[in-house]
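Heads up, the thing below is written out as structure tokens.
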């Protein structure tokens with residue numbers, strides 16, 4: 001019960017992306033004009049990706065070296 005937000009993404013038959021979002025309430029309306037913008041973590045930065053892959057690579061190498069010895 002309450003107010004919910006639905007966000008959907010799809011790829012159409014001709015290949016372009018289609019998306020939308022909407023709100024609906026079940027029972028009592030618990031929120032109006034909810035901010036449905038993307039969360040700050042929805043699109044990670046380039047440097048986050050670089051750091052992530054360097055960290056994962058180093059972990060794999062260190063675990064591999066430990067396992068071999």
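In full-length UniProt numbering, the protein residues as written are 1 to 69. Cβ atoms here follow ideal geometry from the backbone N, Cα and C, with glycine treated the same way.
Inter-residue distance for residue 10 and residue 20 is about 9 Å (C-alpha atoms, whole angstroms). Between residue 57 and residue 63, the alpha-carbon positions lie close to 10 Å from each other. In the DSSP assignment, residue 10 falls within the beta strand (DSSP E) that extends over 2-11.
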